[in-house]
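Visitor:
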Amino acid sequence: VIYPPPQRDRVAAVKAIPGVKSTTSFGLAFEHLDFNVKKPGLDDVAVRKAIASGLDIDSMLRRTVGQFSDKAQVLGNRIYVNNQKEYQDNRGAYGKGDATAAKKLLTDAGYAAGADGIFAKNGKKLSFRFSTTAGNALRETQGELFKAQMKLIGIDIKIDNSAADVLFGKRLPAGDFDIADFAWVATPFATSNKSIYSTGGGQNYGKFSSPAVDAAFNDAVALLDESKRTAKFNDIDKLLWDEMATIPLYQKPTFIAFSDKYANIVDNASSTGPFWNVGEWGLKK
58 VIYPPPQRDR VAAVKAIPGV KSTTSFGLAF EHLDFNVKKP GLDDVAVRKA IASGLDIDSM
118 LRRTVGQFSD KAQVLGNRIY VNNQKEYQDN RGAYGKGDAT AAKKLLTDAG YAAGADGIFA
178 KNGKKLSFRF STTAGNALRE TQGELFKAQM KLIGIDIKID NSAADVLFGK RLPAGDFDIA
238 DFAWVATPFA TSNKSIYSTG GGQNYGKFSS PAVDAAFNDA VALLDESKRT AKFNDIDKLL
298 WDEMATIPLY QKPTFIAFSD KYANIVDNAS STGPFWNVGE WGLKK
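Using my numbering, you'd call the opening residue of the sequence shown number 58 and step up by one each time.
1) Going along the chain, which residues of its own chain have a beta-carbon closer than 8 Å to the beta-carbon of Val-77, five neighbours each way excluded?
2) So is Trp-333 buried or exposed if we call it buried at 16+ other beta carbons inside 10 Å?
3) Measuring CA to CA, which of Phe-187, Val-58, Lys-153 and Asp-222 is closest to Asp-45?
4) Considering only their Cβ atoms, is the gap separating Asp-213 from Lys-182 smaller than 8 Å?
5) Which residues mark the beginning and the end of the alpha helix (DSSP H) in which Lys-95 is found?
6) Would Trp-298 and Gly-149 qualify as a contact pair, given that the criterion is a beta-carbon distance under 8 Å?
7) Residue range of the alpha helix (DSSP H) that Trp-298 falls in?
8) Could you give the first and the last residue of the continuous beta strand (DSSP E) run that contains Arg-186?
9) List the whole-angstrom C-beta distance separating His-89 from Ile-304, where the pair is believed to meet the contact cut-off of C-beta under 8 Å.
10) Leu-202 by DSSP, collapsed to three states: which one?
11) Can you tell me whether DSSP reads Gly-339 as helix, strand or coil?
12) In the DSSP output, which residue or residues are listed as bridge partners for Glu-88?
13) Suppose you measure from the CA of Lys-264 to the CA of Asn-93; what does that come to, to the nearest Å?
14) In terms of DSSP beta bridges, what is Val-347 paired with?
15) Which term fits Leu-118, buried or exposed, when burial requires 16 or more other beta carbons within 10 angstroms of its beta carbon?
16) Answer with buried or exposed for Ser-82, where buried requires no fewer than 16 other C-beta atoms within 10 angstroms of its C-beta.
17) In angstroms, rounded to a whole number, what distance separates the CA positions of Asn-140 and Gly-171?
18) Closest to Ala-130 by CA distance: which of Glu-143, Ile-114 and Lys-142 is it?
19) Determine the closest residue to Gly-258 out of Pro-230, Ala-326 and Ala-191, with distance taken between C-alpha atoms.
20) What number of angstroms, rounded off, separates the C-alpha of Tyr-137 from the C-alpha of Ala-247?
21) Just checking my contact of Ser-255 with Phe-234 at CB under 8 Å: how many whole Å lie between their CB atoms?
22) With respect to the alpha helix (DSSP H) encompassing Asp-276, which residues constitute its N-terminal and C-terminal limits?
23) Which value, in whole angstroms, describes the spacing of the CA atoms of Ala-205 and Leu-281?
24) DSSP three-state call for Val-68: helix, strand or coil?
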């Protein structure tokens with residue numbers, strides 16, 4: 058059994074091996090962009106909204122996971138993913154590559170484009186680092202696409218990737234990033250998102266803080282009625298869009314392959330992983 062991160066060449070090579078079964082699944086993990094809101098420029102919600110407006114997520118999806126799975130979809134929610142019954146798309150006009158709307162947001166907020174086309178305010182250019190896991194071809198491609206898309210709206214991006222152990226073990230916890238691309242490996246429980254988006258939350262690497270979001274999470278986790286709780290969590294996601302805490306991109310695919318001599322091997326595309334039923338694995342008779 059292998060359970061590697063899916064890359065186009067890897068998936069194609071494995072599917073060509075005789076006697077091997079493989080599946081690509083979309084579970085509860087999702088790729089996103091994390092903002093460090095303590096960085097000058099990114100502390101301005103107008104800049105974060107301009108980035109979200111100029112970002113073309115559909116193009117990014119087609120150039121990455123869409124190349125080996127036609128089930129890939131743009132994600133419009135941070136609390137629920139596309140194939141959960143509670144999911145609703147709250148992104149509105151964001152993520153559709155609207156350079157005109159992005160530039161208007163910047164101009165209205167007092168930024169002006171310089172001779173090089175990069176917007177600035179009070180002498181400070183909008184120039185940020187993009188960081189993700191070095192060696193991950195899909196994410197490195199996303200970084201290059203992001204850089205090109207941001208250039209079209211007058212924001213300069215410098216690629217600053219690190220090995221996974223450095224990015225997750227040192228840089229993110231220390232706030233040593235501007236814009237980071239990584240995945241949240243979610244659980245079925247929406248309450249687990251509280252530590253990501255609440256003030257002082259342990260997974261809130263970007264130091265986002267909103268009294269409205271904090272209060273809404275406190276209300277949501279106390280609700281016992283499922284329909285009311287779902288509605289409240291979707292309201293929280295709308296607040297997160299309004300304040301552009303992060304930008305969800307798409308569900309992160311998983312890829313499992315195994316010898317067809319074995320039975321009952323089924324991926325669980327969540328934080329549980331493929332070993333959820335390992336006691337039932339066995340050789341076919």
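Built from N, CA and C at the ideal position, the CB exists for glycine as well.
Guide: Short version:
1) Val-71, Ala-314, Phe-315, Ser-316 and Asp-317
2) exposed
3) It is not possible to answer for residue 45, since the shown part of the chain is limited to 58 through 342.
4) yes
5) Run containing Lys-95: none; DSSP gives neither H nor E here.
6) Contact: yes.
7) 283-300
8) 184-188
9) Ile-304 and His-89 do touch by the CB rule: their CB atoms are close to 6 Å apart, below 8 Å.
10) helix
11) strand
12) Ala-240 and Tyr-307
13) 7 Å
14) Because the chain spans 58 through 342 in this model, residue 347 falls outside it and cannot be assessed.
15) buried
16) buried
17) 44 Å
18) Here residue 130 turns out to be Gln, not Ala, going by the sequence shown. Closest option to Gln-130, Cα to Cα, is Ile-114.
19) Pro-230
20) 7 Å
21) That belief does not hold up - the Cβ atoms of Ser-255 and Phe-234 are roughly 20 Å apart, past 8 Å.
22) 268-278
23) Those two C-alpha atoms are separated by around 46 Å.
24) In the structure shown, the three-state DSSP call for Val-68 is helix.
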